[in-house]
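Residue numbers are given in full-length UniProt numbering: position 353 of the sequence shown equals residue 353, and the series is strictly consecutive. One structure is given below, encoded as structure tokens.
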Amino acid sequence: MAVQLPSEAVGYASGILAYSLICLACSSFMLWLVWAHDERKSYVMMLAFFTTLSTLASIIQQIHTIALWKDVKTAQYEYQKAHVGNPELNIAGNSTGLDLVLFYIQFYCYNVEAMLVLFWSAELARSVFRLRSSAHAQRVSIAAKTSAVLLPVIQVNLLRTSAVQSTTAGFLVLANFIMIISLVTGSILLLLILVKYIHARHAFLSWNVRYGQSSEGTQGTTSPGSPIQHKNIYDRWLVVRFAIAFVALGAFELVIILFELHAMSDNKAANIPAQPDLSAARAKADFANFAPGVSASLLTFVVFGTTRTFREHMWALFIPKRLRERIRPRRPVSIVVPSASRQHLRGEDLAGSPYGMVLSPNSPQQPSPTSEGVGLQDLDSSSRTQQQQQQQQVQQQGNGKRKGFDEEWLPMLVMPAPTAAALPRSPVQNRYYERS
1 MAVQLPSEAV GYASGILAYS LICLACSSFM LWLVWAHDER KSYVMMLAFF
51 TTLSTLASII QQIHTIALWK DVKTAQYEYQ KAHVGNPELN IAGNSTGLDL
101 VLFYIQFYCY NVEAMLVLFW SAELARSVFR LRSSAHAQRV SIAAKTSAVL
151 LPVIQVNLLR TSAVQSTTAG FLVLANFIMI ISLVTGSILL LLILVKYIHA
201 RHAFLSWNVR YGQSSEGTQG TTSPGSPIQH KNIYDRWLVV RFAIAFVALG
251 AFELVIILFE LHAMSDNKAA NIPAQPDLSA ARAKADFANF APGVSASLLT
301 FVVFGTTRTF REHMWALFIP KRLRERIRPR RPVSIVVPSA SRQHLRGEDL
351 AGSPYGMVLS PNSPQQPSPT SEGVGLQDLD SSSRTQQQQQ QQQVQQQGNG
401 KRKGFDEEWL PMLVMPAPTA AALPRSPVQN RYYERS
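Next up, the structure:
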């Protein structure tokens, strides 16, 4: 069957379709990433699923329009003449038949995504302000996610009733109620979160959102024999990532409102042309309307699929092992002062101590930890945690070898035993061994 789309618009429509397929691939891959990391009940998982569903419906509608352009536009023209003034035309355009079904699938997904973002912002605000969580917090989270899925179903069914379609104002209020409430309430919560974030940065406080450290709704356990080590899929940039997603949601809501206003001006008998518009310009305008809806899939992957956990997993998945070893970034290595020995070394110059900081050949000489008035116990919790992990790696590998570092660093990591008197010692080393 020949394509009915005007030849002048085939290239433009093909570009939109190719872009939509890329967005579908990104959201599908995001869906698999979250599933593989055992976050199957998280908000990220649900957002990935519904963006994938809406993009798939959009692609089907695009293919149907490309193949049957003349038939589709003729049917829409007849439907518009028969239902002129119907408020449904303000949100769905002149869609009818299969296109109308596909439109409502996408419209349903948009409202689900709006409610998910709203409930997620509420849980994120509770985590940021460290409000006391009730014993039923997990049940509340499940109820919120369930309502985000079910309420738009009720909304769509009500929009299809003749009683609602009999009044334009009531129809438009019902159609936009969920998105507007989600946008306004979510904006207030996001503003409070950002105020807290700016205050923490201004006061040089540690910013650590204790959200998702255990899976939201999952236990985060690793099944036996699973090759994937489950880690927290969130990072300390969660607030920034969420803010970007929320701003994009607001922009998308603005696009929908502009589309409705334009459709309302055309939904009059005087504006109906004498015959269907089958021009290439109309085809390009119709296909341009598909781009904002499918972009949510790409945005979900770019914003939430680029955390460190996902990047490391994609790095190990797509890059061959030999190539990973060759292009592994070189990082300066440090050996941590044992906790039992820190009291002897406090205030001393650690540059000559075998338990002090080991600098790479390209690194400048660093001052001692106390030269700037910062003692070892004054280090923040993240630095202490990192030092403890490094110490455990050194002890497990033996002879100072740490897994994942190049061979040229190994001589610098060897720690001389306290009884090895054959090598000359620095004054700091002598004082350390005398005290120990």
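Note that CB positions come from ideal geometry on N, CA and C, so glycine has one too. Every value quoted in this text rests on a predicted model; they were computed, and no experiment measured them.
Handout entry: Straight-line gap, LYS268 to ASN90 (C-alpha atoms, nearest Å)
Key = Rounded to the nearest whole angstrom, the C-alpha separation of LYS268 and ASN90 is 11 Å.
Handout entry: Buried versus exposed, by CB contacts within 10 Å (16 or more), THR51
Key = Taking a 10 Å sphere around the C-beta of THR51, we find 16 or more other C-beta atoms and assign the residue as buried.
Exercise for the section: Could you say if the stretch 65 to 84 and the stretch 33 to 49 meet the contact criterion of at least three C-beta pairs nearer than 8 Å? Expected result: Under the 8 Å Cβ criterion, the stretch 65 to 84 does not count as touching the stretch 33 to 49, having fewer than three qualifying pairs.
Problem - Cβ-based burial, GLY373 [other Cβ within 10 Å; buried from 16] - result: Note that GLY373 scores a pLDDT of 34, beneath 50, so its modelled location is shaky and nothing firm can be said.
Handout entry: Element boundaries [alpha helix (DSSP H), containing GLN76]
Key = Its alpha helix (DSSP H) spans residues 69 to 82.
Handout entry: Inter-stretch contact (C-beta, 8 Å, three-pair minimum) for the stretch 144 to 156 and the stretch 105 to 123
Key = Contact between the stretch 144 to 156 and the stretch 105 to 123 is present, with at least three C-beta pairs closer than 8 Å.
Handout entry: For TYR19 and ILE327, the rounded distance between their alpha carbons
Key = If you draw a straight line from the Cα of ILE327 to the Cα of TYR19, it is about 31 Å long.
Exercise for the section: Label ASP71 either buried or exposed according to how many other C-beta atoms from any shown protein chain fall within 10 Å of its C-beta, with 16 as the threshold for buried. Expected result: The Cβ neighbour count for ASP71, taken over all protein chains shown within 10 Å, is under 16; the residue is labelled exposed.
Practice task
Indicate whether ILE178 and ASN111 have their beta-carbon atoms separated by less than 8 Å.
Solution key: The Cβ-Cβ distance between ILE178 and ASN111 falls below 8 Å.
Problem - C-alpha gap between LEU159 and LEU323, whole angstroms - result: Using only the alpha carbons, I get a separation of about 56 Å.
Practice task
Please name the residue in LYS145, ALA143, ILE154 and ARG139 whose C-alpha comes closest to that of TYR104.
Solution key: Nearest C-alpha to TYR104: ILE154.
Practice task
For my contact list, LYS196 and VAL255 are in at a C-beta cut-off of 8 Å; report their separation, rounded to the angstrom.
Solution key: With a Cβ gap of about 30 Å, LYS196 and VAL255 do not count as contacting.
Problem - C-alpha distance - LEU68 paired with LEU56, whole-angstrom precision - result: Distance between the alpha carbons of LEU68 and LEU56: 18 Å.
Problem - Same chain only: Cβ atoms within 8 Å of ILE16, ignoring 5 sequence neighbours per side - result: GLN62, PHE287, ALA288, PHE290 and ALA291.
Problem - VAL239 versus LEU194 - alpha carbon distance - result: The alpha-carbon atoms of VAL239 and LEU194 are separated by roughly 8 Å.
Problem - Beta carbon of GLY97 nearer than 8 Å to that of ALA75 - result: Yes; because the gap between Cβ atoms is below 8 Å, this pair is in contact.
Practice task
Decide if GLU39 is buried, meaning its Cβ has at least 16 other Cβ atoms within 10 Å, or exposed.
Solution key: Burial call: buried.
Handout entry: Coil, strand or helix - ALA13 by DSSP
Key = The DSSP-derived three-state label of ALA13 is helix.
Problem - Assumed close pair SER121, LEU189 - CB separation to whole angstroms, cut-off 8 Å - result: Their Cβ separation, rounded to whole angstroms, is 4 Å, which keeps SER121 and LEU189 in contact under 8 Å.
Practice task
Answer with buried or exposed for VAL3, where buried requires no fewer than 16 other C-beta atoms within 10 angstroms of its C-beta.
Solution key: For VAL3, the number of other beta carbons within 10 angstroms of its own is below 16, and it is reported as exposed.
Practice task
Following the continuous alpha helix (DSSP H) through GLN275, name the residue where it begins and the one where it ends.
Solution key: Where GLN275 is concerned, there is no enclosing alpha helix (DSSP H), because DSSP gives it neither an H nor an E.
Problem - Assigned secondary structure, ASP266 (DSSP; H/G/I helix, E/B strand, else coil) - result: It is helical.
Practice task
Return helix, strand or coil for VAL239, following the three-state DSSP convention.
Solution key: Note: VAL239 maps to helix in three-state DSSP.
Practice task
Check the C-beta distance from CYS109 over to SER297 and give it rounded, since I have them as a contact under 8 Å.
Solution key: In fact, because the Cβ distance is near 10 Å, the residues do not count as touching under 8 Å.
Exercise for the section: Starting from the Cα of GLY11, find the closest Cα among LEU21, SER58 and ILE66 and give me that residue. Expected result: Nearest of LEU21, SER58 and ILE66 to GLY11, Cα basis: ILE66.
Practice task
Following the continuous alpha helix (DSSP H) through ASP99, name the residue where it begins and the one where it ends.
Solution key: Here the alpha helix (DSSP H) through ASP99 covers 98 to 128.
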